[in-house]
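Counting from 1 along the sequence shown, just add 1096 to a position and that's the residue number in the working numbering.
Where is the CB? At the ideal position from N, CA and C, for every residue including glycine.
Take a look at the structure below.
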Amino acid sequence: MKILFVNGCLRGEESRTLRLCRAALDQMKQTLGDITVEELNLDREDVQPLNGLRLARRHALEQAEQFDDSIFRYARQFAEADLILVGVPYWEYQFPAMFRCYLEQVSVCGLTFCYTEDGRPQGLCKAERLFYVTTSGGPIADRNCGFDYVKTLCGGMLGIPQLDWAAAESLDVWGVDVEAQLRQAEEDIRNTIKSWR
């Protein structure tokens, strides 16, 4: 099984989100057995938003079905994964802009989705599951806009049928036992992954 770990954790080894993702990967190895993990560290990539010039070039390549071009490397990698782990911090009710740019890069007609005759998007991704992991300074409550967006895009347009999420919340709130919150989130993550058997 090929797991794509989309690492959007911007604080490197200090990232609390990265800590949770490592717990997830560890449990995936225990639960799923023979896996290969391919990590894409967005902080080390030059993920650019589409502008007029890049969009025109990409559209021309899509029309010609030249999907071997380097502009589609993220979309090819995303489409070929069996399972996708996303780790991004909770920022402004959503996630960092570079992750939004990444999603723009993987949403490619003819590669990760296509349109049916009646104009509806149909997913072409191989992944059966996407697991979204985040951490927040305050409570997320009913404002999980980042996961809601990913669920709509990846579950709807890109065709990934199962989407789960986990979070450690309120980590910057005065008086919160941060370590206890992180340990609880790790336990929740492990239990979620164990339930996939």
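Counting only the same chain and skipping the five closest in sequence on each side, list residues whose C-beta sits under 8 Å from that of F1205. Contrary to the premise, residue 1205 reads as Cys rather than Phe in this sequence. The residues are E1158 and Y1211.
Beta strand (DSSP E) segment containing N1137, residue limits: Per DSSP, the unbroken beta strand (DSSP E) holding N1137 starts and ends at T1132 to N1137.
Inter-residue CB distance, L1080 and Y1198 (contact presumed, cutoff 8 Å): Nothing about residue 1080 can be read from this structure; the chain reaches only from 1097 to 1293.
Across which residues does DSSP place K1125 in a beta bridge pair? Answer is none; K1125 lacks a bridge partner.
Beta carbon of Q1277: closer than 7 Å to some heavy atom of the ligand FMN? For the ligand FMN, the structure offers nothing, since it holds no ligand at all.
Span of the beta strand (DSSP E) holding A1263? Q1258 to A1264 is the span of the beta strand (DSSP E), which, as asked, contains A1263.
So does the stretch 1126–1143 actually touch the stretch 1215–1232, counting three or more Cβ pairs closer than 8 Å? No: fewer than three Cβ pairs fall under 8 Å.
8 Å contact criterion, which N1103 and G1233 should meet: CB distance rounded: The C-beta distance from N1103 to G1233 rounds to 20 Å, too long to fall under 8 Å, and the pair is not in contact.
Extent of the continuous beta strand (DSSP E) to which L1181 belongs: Start and end: L1179 to G1183.
DSSP bridge partner residues for N1103 (one or two, in chain order): Looking at the DSSP output, N1103 shares a beta bridge with N1137 and G1183.
Since T1230 and L1267 should fall inside the 8 Å C-beta cutoff, what is the C-beta to C-beta distance between them, to a whole number of angstroms? Not quite, the Cβ-Cβ distance comes to about 11 Å (not below 8 Å), so this is no contact.
Closest by C-alpha distance to F1195, when choosing among D1165, D1178 and F1243: Among D1165, D1178 and F1243, the Cα nearest to that of F1195 belongs to F1243.
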